[in-house]
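Student: Okay, so the sequence shown: first residue is 21 according to my numbering, each after it adds one.
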Amino acid sequence: MKPELEKILMKVQKPGRYTGGEWNSVVKDKHAVDVRVAFCFPDTYEVGMSHLGMKILYSLFNEKDYIWCERVFAPWVDMEEQMRRNGMELFGLESGDSIHDFDILGFTLQYELSYSNVLNMLDLAHIPLRSADRKGLSPLVVAGGPCTCNPEPLADFVDLFFLGEGEEVDLEVIDLYRAYKKEGRSKEEFLRAAAQIEGVYVPSLYTVTYNEDHTIAAVTPEPGVPATVKKRLMLDMDRSYFPEKFVVPYIEIVHDRTVGEVFRGCIRGCRFCQAGFIYRPVREKSVEVVDRQCHALCDSTGYNEISLSSLSTSDYTKIDELLDQLLSWARDEKTSVSLPSLRVDGFSNELMTKIKSVRKSGLTFAPEAGTQRLRDVINKNVQEDELMKTVNMAFSGGWNTIKLYFMIGLPTETMDDVAGIAELGQKVVNAFYSNPNKPKGRGVSVTLSASSFVPKPFTPFQWEPQDPIPLLHEKQRHLVQSVKTRKITCNYHDADTSFLEAVFARGDRRLCAVLEEAHRMGCKFDGWNDYFSLPRWMEAFEACGVDPAFYANRRRSFDEVLPWDHLDYGIRKEFLIRECQRAYADTTTPNCREACSACGAACFKGGICYEDR
21 MKPELEKILM KVQKPGRYTG GEWNSVVKDK HAVDVRVAFC FPDTYEVGMS HLGMKILYSL
81 FNEKDYIWCE RVFAPWVDME EQMRRNGMEL FGLESGDSIH DFDILGFTLQ YELSYSNVLN
141 MLDLAHIPLR SADRKGLSPL VVAGGPCTCN PEPLADFVDL FFLGEGEEVD LEVIDLYRAY
201 KKEGRSKEEF LRAAAQIEGV YVPSLYTVTY NEDHTIAAVT PEPGVPATVK KRLMLDMDRS
261 YFPEKFVVPY IEIVHDRTVG EVFRGCIRGC RFCQAGFIYR PVREKSVEVV DRQCHALCDS
321 TGYNEISLSS LSTSDYTKID ELLDQLLSWA RDEKTSVSLP SLRVDGFSNE LMTKIKSVRK
381 SGLTFAPEAG TQRLRDVINK NVQEDELMKT VNMAFSGGWN TIKLYFMIGL PTETMDDVAG
441 IAELGQKVVN AFYSNPNKPK GRGVSVTLSA SSFVPKPFTP FQWEPQDPIP LLHEKQRHLV
501 QSVKTRKITC NYHDADTSFL EAVFARGDRR LCAVLEEAHR MGCKFDGWND YFSLPRWMEA
561 FEACGVDPAF YANRRRSFDE VLPWDHLDYG IRKEFLIREC QRAYADTTTP NCREACSACG
621 AACFKGGICY EDR
């Protein structure tokens, strides 16, 4: 550990966030590698170390002898204060070196409220914020993750974006960088060459023009640059890279366990859910591969809990077979298996028996809406009787704690729909006390957790307005007032942060100036209630002459040019329009295993679009 770091660690909370040296971390000789990569997670260590994507890419890069990838997290405010006071730059955990001297800084964009931390991390490393002000080939600032489906609010700061899944395209770009670095080529030459790689978007090579009403007139590529950029994805998940080791932290993190990835994508098509569309098509791993990967990780990390990761784990076609295989050794090794993403209609007696055989915790389901009409609008395809059947099955199996996730502010929602959330919670409570096989001597606990609807790109609701903050507050109050029993706990998400999330989710390049101004005003950790300040953000919008309601609360027409229209995630715009129209007709669409809806994902020629066809 470097002396200047050791000097300040005793002055901060959780020094284990900054020491490095964890089990399975990778240390190399920096003089023996060609490319140094900083994997930058713009949030705290505890959040970033829980992220599966970081674990995959960290190990993938470090298996190459010519690459050294280090982890970098946003220092908490106490550590940042000490770093600035002592003139210490942001550093990689493995070496302690300033990332200012690295070749590539790769940010993962998991949620829009982390954007201010991206700028703050660059500033902490004394790196110019704007891409145009970084003249040399290094440090190259790149970004990937789900938010790159609309990267425009960060277009002035990031040199290139990766669209889709990174296991192949990231290495292709690193190899190109390595070659151009050896040849002494310029940053401009490199970016033009990188733009030819499928899945790579270089925003500086595209010009955005606007209409008088501030809508986009056109996005025009420079000559020789692709007019649209198509996402990359891994079609054969059994052959897709997955690490045999995870870095094991010294301190407790958010998800402190082994993670087994079972499939990518989702068959369901919930109309609000961005992940359900941008990760299409569904691609499963085989039982044998998931089992082998989970066992190897437990052996190399010492973890005694496995979490099966996907958007909807109970939709895995061989879930019962997989659980049998995992439990054949997990029981003997005192290792539990959890399924964090269960659907109401995917919960069976057999599944229940297996998941409680080692360790039993609370169950979580997501009806999303309190009335059947609104569940049909959002294409949830869950009936109330299915929910009642599932909770009764859980109560008979010994559970007495149920958590239900909902959204408020969904398109076409009324106050009756909001009250329906509390009414549905009451029906679950009543079901418990009516169940003759319920756990004896215990009461029931039902938690209703309501987040605010945020319209997102590449969903059927991408054209919809978000409810204004006062209306969201009114709906939140109405929800709380509709709860009539202490058996129900009601939580809701802060409407102010949801508003800013909506602004940046559907924003364009005019927001770059706002983001830079907000950074100058001290905005950071906007996903944390302790540090988020909407008044400060509103000052930044006003200083830049930008109306945030233009992005969050305005309904768009189907023929408007959207900021992300030049990016191709395989989902046809015509399909999204049709789904939006079906929502207003309260009409559901079958899931991908029941019938193909011609969404466009068949263009990738793999996954569920080609299985059994």
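Just so it is clear, CB atoms sit at the ideal spot from N, CA and C, and this is done for glycine as well.
Please read these numbers as outputs of a predicted model, since none were measured by experiment.
1) Using a Cβ-Cβ cut-off of 7 Å (strictly less than) and excluding sequence neighbours within five positions of Val274, which residues of its own chain qualify?
2) When you compare only the Cα positions, how much space is there between Glu24 and Met108?
3) So if DSSP puts Phe426 in a beta bridge, which residue, or which two residues, is it bridged to?
4) Across which residues does DSSP place Pro485 in a beta bridge pair?
5) What runs of the beta strand (DSSP E), each 3 residues or longer, lie entirely inside the segment 74-106?
6) How would you call Tyr630, buried or exposed, if buried means at least 16 neighbouring beta carbons within 10 angstroms?
7) From Phe624 to Gly590, what distance separates their C-alpha atoms?
8) By DSSP, does Pro263 sit in helix, in strand, or in coil?
9) Determine the direct distance from the alpha carbon of Lys507 to that of Gly418, and round the result to whole angstroms.
10) Taking 6 Å as the limit between beta carbons, can you name the residues of its chain near Thr410, skipping five residues before and five after?
11) Take Gly626 and list the residues in its own chain whose beta-carbon comes closer than 6 Å to its own, dropping the five residues that flank it on each side.
12) Indicate the three-state DSSP secondary structure (helix, strand or coil) for Ser327 in the structure shown.
13) Rounding to the nearest angstrom, what Cα-Cα distance links Leu394 and Lys155 in this structure?
14) Between Arg91 and Pro269, what straight-line distance do the alpha-carbon atoms span, to the nearest angstrom?
15) Based on Cα-Cα distance, which residue from Arg613, Phe473, Arg56 lies nearest to Arg291?
16) How close, in whole Å, do the beta carbons of Ser416 and Asn455 come, if the pair is a contact with beta carbons under 8 Å?
17) On the DSSP letters alone, give me the boundaries of the beta strand (DSSP E) that Asn511 sits inside.
18) Note the first and the last residue of the continuous alpha helix (DSSP H) segment covering Thr517.
19) Determine the closest residue to Pro173 out of Glu537, Ser577, Asn573, Gly620, with distance taken between C-alpha atoms.
20) Please state whether DSSP places Lys250 in a helix, a strand or coil.
21) Measuring CA to CA, which of Arg529, His493, Cys532 is closest to Thr517?
22) Can you tell which of Gly165, Thr321, Gly429, Leu149 has the C-alpha that lies nearest to the C-alpha of His513?
23) Which residue comes first and which comes last in the alpha helix (DSSP H) that contains Asp236?
24) Which whole-angstrom value is the C-beta distance of Ala350 and Leu383, which I expect to be below 8 Å?
25) Please tell me whether Ser79 has its Cβ less than 7 Å away from any Cβ of chain D.
26) Grab the span of the beta strand (DSSP E) containing Arg291 for me, first residue to last.
27) Closest to Asp405 by CA distance: which of Val523, Thr505, Gly547, Thr391 is it?
28) Roughly how many angstroms lie between the CA atoms of Pro568 and Ala237, to the nearest whole one?
29) Check Phe283 in the structure and name its three-state DSSP category.
30) Taking buried to mean at least 16 other C-beta atoms within 10 Å of its own C-beta, is Gly527 buried or exposed?
31) Could you pull out every residue in the same chain whose Cβ sits closer than 8 Å to the Cβ of Leu211, ignoring the five residues on either side in sequence?
32) Look at Leu407 and Ile441 and say whether their C-beta atoms are less than 7 Å apart.
33) Ala94 to Cys616, Cα distance in whole Å?
34) Could you give the first and the last residue of the continuous beta strand (DSSP E) run that contains Phe569?
35) If you draw a straight line from the C-alpha of Tyr78 to the C-alpha of Ala451, how long is it?
36) Please go through the same chain and pick out, in chain order, the residues whose beta-carbon is closer than 8 Å to the beta-carbon of Asn44, but skip the five residues on each side of it.
Tutor: The short version:
1) Same-chain partners within the cutoff: Glu66, Val67, Ser70.
2) Taking the straight line from one Cα to the other gives about 8 Å.
3) Residue pairing from DSSP places Phe426 in a beta bridge opposite Glu388, Ala470.
4) The partner list for Pro485 (beta bridge, DSSP) is empty, contrary to what the question assumes.
5) Listed in chain order, they are 87-93.
6) Tyr630 comes out exposed.
7) In this structure, the straight-line span from the alpha carbon of Phe624 to that of Gly590 is close to 8 Å.
8) Look at Pro263 here: in three-state DSSP terms it is coil, with no helix or strand label.
9) Cα to Cα, the separation comes out at about 17 Å.
10) Excluding the 5 residues flanking it on each side, Thr410 has same chain C-beta neighbours closer than 6 Å at Val364, Phe367, in chain order.
11) Result list for Gly626: Leu255, in chain order.
12) Here Ser327 carries a strand assignment [DSSP, helix/strand/coil].
13) Pairing Leu394 with Lys155, the inter-Cα distance amounts to about 52 Å.
14) Rounded to whole angstroms, Arg91 to Pro269 spans 12 Å at the Cα level.
15) Here the closest residue by C-alpha is Phe473.
16) Between Ser416 and Asn455 a beta carbon distance of about 6 Å is seen, short of the 8 Å cut, so the two are scored as contacting.
17) For Asn511, the enclosing beta strand (DSSP E) stretches over residues 508-512.
18) Following the DSSP letters along the chain, one finds Thr517 inside the alpha helix (DSSP H) bounded by residues 515-525.
19) If we check each option's Cα against that of Pro173, Glu537 comes out closest.
20) Correct three-state label for Lys250: strand.
21) If we check each option's Cα against that of Thr517, His493 comes out closest.
22) Check the Cα spacing between His513 and each of Gly165, Thr321, Gly429, Leu149: the tightest is with Gly429.
23) Note on identity: in this sequence residue 236 is Ile, with Asp being the wrong assignment. First-last for Ile236: 236-241, but that is the beta strand (DSSP E), not the alpha helix (DSSP H).
24) 19 Å between Cβ atoms; not a contact.
25) In the displayed structure, chain D is absent; only one protein chain is listed.
26) Run containing Arg291: none; DSSP gives neither H nor E here.
27) Selected option, being the one with the closest Cα: Thr391.
28) Linking Pro568 to Ala237 through their CA atoms gives a straight-line distance of about 19 Å.
29) Three-state DSSP puts Phe283 in a strand.
30) So Gly527 counts as buried.
31) Asp179, Leu180, Val222, Ser224, Leu225.
32) A distance of 7 Å or more separates the beta carbons of Leu407 and Ile441.
33) Between the alpha carbons of Ala94 and Cys616 lies a gap of roughly 43 Å.
34) Rather than Phe, the amino acid found at residue 569 in this sequence is Ala. Not the beta strand (DSSP E): Ala569 falls in the alpha helix (DSSP H), residues 569-572.
35) Tyr78 and Ala451: Cα-Cα distance of roughly 47 Å.
36) Here the set comprises Lys265, Phe266, Val267, Val268, Ser320, Thr321.
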